[in-house]
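Every letter in the sequence shown is one number past the one before it in this note's numbering, and letter 180, counting from 1, is 166. The structure appears below as structure tokens.
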Amino acid sequence: MDNYIVSARKYRPMTFSSVVGQDSLTMTLKNSVKSGKLAHAYLFCGPRGVGKTTCARIFAKTINCENPTTDGEACNECASCKAFNEGRSMNIFELDAASNNKVENIKSLMDQTLIPPQTGRYKVFIIDEVHMLSTSAFNAFLKTLEEPPQYVIFILATTEKNKILPTILSRCQIYDFERMTIPEIVNQLTMVAQKENITFEEEALALIAEKADGGMRDALSIFDQVSSFCQGHITFKKVLEDLNVLDADNYFRIIDMALENKTTDIMLLLNNIITRGFDGGNIITGLASHVRNVMMARDKQTLPLLEVSELQRQKYHQQAQKCSDKFLFRALKILNDCDISYRQSSNKRLLVELTLIRVAQITQPEDDDSAGAGLSPNRLKSLFKNILVSQPKTAMQVAGVEKTLKKSTYQKSANEKSEETDNEKNNAVKLQPQQIADITTRKKQPQLANIGVTFARLKQDPVISDELNVIKVDEKQSIIEEKRFTEADLSVQWTLMCNRMPQNFVGLASRLKNLVPRITSYPNFEVVVDNNILLEHINQIRGKIRATMRQTLNHKSIEFSVRLANQDELKKTFTKREVFDDLRKRNPAFEKLRTKLGLELA
-13 MDNYIVSARK YRPMTFSSVV GQDSLTMTLK NSVKSGKLAH AYLFCGPRGV GKTTCARIFA
47 KTINCENPTT DGEACNECAS CKAFNEGRSM NIFELDAASN NKVENIKSLM DQTLIPPQTG
107 RYKVFIIDEV HMLSTSAFNA FLKTLEEPPQ YVIFILATTE KNKILPTILS RCQIYDFERM
167 TIPEIVNQLT MVAQKENITF EEEALALIAE KADGGMRDAL SIFDQVSSFC QGHITFKKVL
227 EDLNVLDADN YFRIIDMALE NKTTDIMLLL NNIITRGFDG GNIITGLASH VRNVMMARDK
287 QTLPLLEVSE LQRQKYHQQA QKCSDKFLFR ALKILNDCDI SYRQSSNKRL LVELTLIRVA
347 QITQPEDDDS AGAGLSPNRL KSLFKNILVS QPKTAMQVAG VEKTLKKSTY QKSANEKSEE
407 TDNEKNNAVK LQPQQIADIT TRKKQPQLAN IGVTFARLKQ DPVISDELNV IKVDEKQSII
467 EEKRFTEADL SVQWTLMCNR MPQNFVGLAS RLKNLVPRIT SYPNFEVVVD NNILLEHINQ
527 IRGKIRATMR QTLNHKSIEF SVRLANQDEL KKTFTKREVF DDLRKRNPAF EKLRTKLGLE
587 LA
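Now the structure itself:
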């Protein structure tokens, strides 16, 4: 019992060749040892438990080895290697920056760099979690890091490279460690289990590797926990129970039920899962990951992206053949929306249930009227269409029917009139849904008020300017008698035109109302604006305004123009002080009144 060592320490690699999952990186370090081209500072960064500190220790031991092998490995037999393996080497120093992050700690470390090694060639300083150093500690470290003594090598390790100052990064050789794949972790766990005489199921080790999330240290720690629980025989079922992990088969069952729209079965399964103590949020995130894996399994090129065992990969591929792209895309969108809303929801279980029901409704035909079918836009559209058909006939439809009947009356004999009328009436009624659809989908013809529109809408949608009929002007209708009008008549009609604009165009209406139309050469008139934006947009609807004024003033020769005001035509804006001073000059009594009442102009 006293000699027990956890697997993460007991099976920690001692050479580069025993490091798992970092082949290209370890090859680079070995080549630098063989060639003797060593940098003065290295930065090892990557996720937790992937071998950053382990590689730093192996590298420190190897560069001080007295008899390195031809492939760049430490011999583990010389005095330096033995001292390191026994933890008594005087040339290798480790500092935990998480607990030693002050300037004083760095200064103490810098003092040690001044003393050359008594044995070996290099003094190696390994600083773990270097991103935890304070800014002042980083600044104190800069000078020594840039120009250390020839016998000093720094190896920095961190999980968060983005928190390190750029001035530090520029002085180091940077090595990025990769996450370990599930097959690599499973192979390592298999080796450990065989050495420990522990029997296992391959699916159980794959589940441990998946739970470790790419970290070997986490995988070995979970392995120790599970092996103690299972008492020498690791099974998939016991691993699920010990780690409180939801079996992936539940996700396969939910998707199969959703494809068949078995909402009741999904609710029963969800209740069973929640009763076993699983959180609804974890169910949603797990199901979203499952749907993503199914999507990846649809294509052979993306199938290797699944970080699961070979048996699980085959199950994903089989289910992927049942699912359409539309189902997977919409299911992912629904699950992602639920994940976003989950924390803010006051009734989390109801949110999860509604989400699963929505997923099950994806496969329903859009025109399905069965109970529980999803109300798709197309289904709603057909529903409203049926409602419209059931409504009483509009005046336009009645007129169409009467016109058809009247025409047939002239063509048919008196004996056939009744029969023909009935037939044509039936035909006209059959056309009613199509007529109604045309009426509902036809663009509404703008009325007088629709000249008003915001400048932003004019700029975004130029088509609006073509639809700005101020009134229903009949271009073919000729004005029989032209009436002479005055500038006062022009002003009245201009104001009336602006007043008839709807409330949503009140902005443009008020701007046009502030403009004063002036007759230039009868019957032509113009308005003067004070900015280019208003000028540009009035020009776009100038033809509509001209047609309106011709119709309301009964004069077909009217021409309308708009121009930018000259400098002397612009009205000057006066301050309150300037207005009061002007009034005081015109009438001195204002000043006496102000003094008597003790008023001050703000």
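Just so it is clear, CB atoms sit at the ideal spot from N, CA and C, and this is done for glycine as well.
Taking the alpha-carbon positions, what's the residue i to residue j distance?
i, j, result
"I670", "A195", "The structure shown does not extend to residue 670, since the chain is modelled only from -13 to 588, so the question has no answer here."
"M202", "E296", "20 Å"
"P152", "T144", "14 Å"
"I141", "E132", "13 Å"
"Q305", "T288", "15 Å"
"E564", "T534", "42 Å"
"D325", "L254", "21 Å"
"F186", "A274", "29 Å"
"N322", "D162", "31 Å"
"I320", "S(-7)", "42 Å"
"N183", "Q217", "11 Å"
"A123", "Q159", "20 Å"
"L521", "F471", "26 Å"
"N230", "Y237", "15 Å"
"K147", "C31", "6 Å"
"L569", "F576", "7 Å"
"T250", "A192", "32 Å"
"D285", "E246", "23 Å"
"S156", "H26", "12 Å"
"I150", "H117", "5 Å"
"I220", "I(-9)", "20 Å"
"F546", "D554", "23 Å"
"I101", "S213", "47 Å"
"R34", "T40", "12 Å"
"I112", "P135", "16 Å"
"Q350", "I270", "22 Å"
"L81", "Q330", "43 Å"
According to DSSP, is residue i part of a helix, a strand, or is it coil?
i, result
"D593", "Outside the displayed span of the chain (-13 to 588) sits residue 593, for which this structure offers no information."
"I168", "helix"
"N372", "Reliability of the predicted coordinates at N372 is poor, the pLDDT of 44 falling under 50, and the value obtained from them is presented with this limitation in mind. Residue state, collapsed to three classes: helix."
"Y302", "helix"
"Q159", "strand"
"F30", "strand"
"T380", "Residue confidence is low: T380 scores 43 on pLDDT, short of 50, so the model does not pin down where it sits. Its coordinate-derived value is still stated next. In the structure shown, T380 sits in coil (DSSP, three-state: anything other than H, G, I, E or B)."
"A25", "coil"
"K109", "strand"
"A317", "helix"
"V231", "coil"
"L254", "helix"
"I101", "coil"
"L587", "coil"
"F264", "coil"
"L151", "coil"
"T40", "helix"
"F471", "coil"
"L142", "strand"
"F2", "helix"
Give a yes or no on whether the C-beta atoms belonging to residue i and residue j are separated by under 8 Å.
i, j, result
"T12", "V5", "yes"
"L501", "V513", "yes"
"A65", "E115", "no"
"L337", "S327", "yes"
"C51", "A42", "no"
"V110", "N77", "yes"
"I208", "K223", "no"
"P509", "I544", "yes"
"F566", "L579", "no"
"M618", "L314", "Past the boundaries of the shown model lies residue 618; the chain is included only from -13 to 588, so the question cannot be answered."
Among the options, which residue has its Cα nearest to the Cα of residue i?
i, options, result
"M96", "L256, Q104, Q8, F79", "F79"
"A179", "N247, Q211, G267, P135", "Q211"
"I240", "L337, V345, Q330", "V345"
"R74", "E59, K47, N86", "K47"
"K334", "I260, L155, K301, P33", "I260"
"E189", "F127, Q298, F2", "Q298"
"V36", "V492, Q104, K149, I168", "I168"
"G200", "L193, M166, N173", "M166"
"L206", "I269, K248, E293, K(-4)", "K(-4)"
"G7", "G584, Q174, I348, L318", "Q174"
"S496", "I505, L539, L482, Y28", "L482"
"T1", "S21, C67, K23", "C67"
Taking 7 Å as the cut-off, does the CB of residue i come closer than this to any heavy atom belonging to the ligand HEM?
i, result
"Q304", "Only the bare structure without any ligand can be found here, which leaves the ligand HEM out of the picture."
Length at least 4, wholly inside the stretch 43 to 85: the alpha helix (DSSP H) runs in chain order: 65 to 71
Entirely enclosed alpha helix (DSSP H) segments - the stretch 515 to 541, minimum 4 residues: 518 to 526, 528 to 539
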